[in-house]
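Visitor:
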Amino acid sequence: MSIKQSTILILLMAFISLGMTKEIDISDTKIESSVYVCGASKIYHRSKSHVALGRCKSGIKKMTETKAKDLGKRVCRCRS
Numbered sequence: 064m065s066i067k068q069s070t071i072l073i074l075l076m077a078f079i080s081l082g083m084t085k086e087i088d089i090s091d092t093k094i095e096s097s098v099y100v101c102g103a104s105k106i107y108h109r110s111k112s113h114v115a116l117g118r119c120k121s122g123i124k125k126m127t128e129t130k131a132k133d134l135g136k137r138v139c140r141c142r143s
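Heads up: the sequence shown runs through residues 64 to 143, numbered per our numbering.
1. Name the two residues that bound the continuous beta strand (DSSP E) containing K125.
2. Assess contact between the stretch 118-135 and the stretch 92-104, defined as three or more Cβ pairs (one per stretch) separated by less than 8 Å. Is contact present?
3. Which partner residues does I106 have in the DSSP bridge list?
4. Between D133, K120, L116, G122, which lies nearest to C139 when the distance is taken from Cα to Cα?
5. Less than 7 Å between the beta carbons of S121 and G102, yes or no?
6. In its own chain, which residues sit with a C-beta less than 6 Å from the C-beta of C119, not counting the 5 before and 5 after it?
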C-alpha cells in the first residue's frame with residue numbers, strides 16, 4: 064500500500080468516525096437554581112444576600128427551587 068493510499072484511508076476513517084459521534088442536546092437538561100429559606104419560613108429568596116435573610120436568626124437553608132415549592136414555600140414578592 065502506498066503512502067497516498069494510506070493517507071486517503073486514514074482520512075476516510077477519520078471522516079466516518081466524526082460522523083458517528085453523538086451530539087449532546089442540552090435543551091432537555093434542566094438546571095436547578097438554588098434558593099434560600101430562613102428557618103421554617105414559608106417564603107424562599109433567590110439571593111442569599113436578600114435583606115430579609117440578613118435578619119434571619121434561625122439559620123438559612125439552601126435548597127433547590129423545586130424542593131422549596133414541594134415543601135409548600137412561595138417566592139418572595141418584594142422587589143429588593
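Every residue gets a Cβ at the ideal spot worked out from N, C-alpha and C, and that includes glycine.
Guide: Answer, in terms of the structure:
1. Within the sequence shown, numbered from 1, the residue matching residue 125 stands at position 62. Start and end: 123-127.
2. The stretch 118-135, when compared against the stretch 92-104, does touch it at the 8 Å Cβ threshold.
3. Along the sequence shown, read from residue 1 onward, the residue named residue 106 stands at position 43. Answer is R137, bridged to I106.
4. Here residue 139 corresponds to residue number 76 of the sequence shown, with the count starting at 1. The shortest Cα separation from C139 among D133, K120, L116, G122 belongs to L116.
5. On the sequence shown, position 58 is the one that residue 121 refers to. On the sequence shown, position 39 is the one that residue 102 refers to. Their beta carbons are under 7 Å apart, which means S121 touches G102 by this criterion.
6. Here the question's residue 119 lines up with position 56 in the sequence shown. Taking C119 as the centre and dropping the five residues before and after it, the same chain places the C-beta of C101 closer than 6 Å to its C-beta, in chain order.
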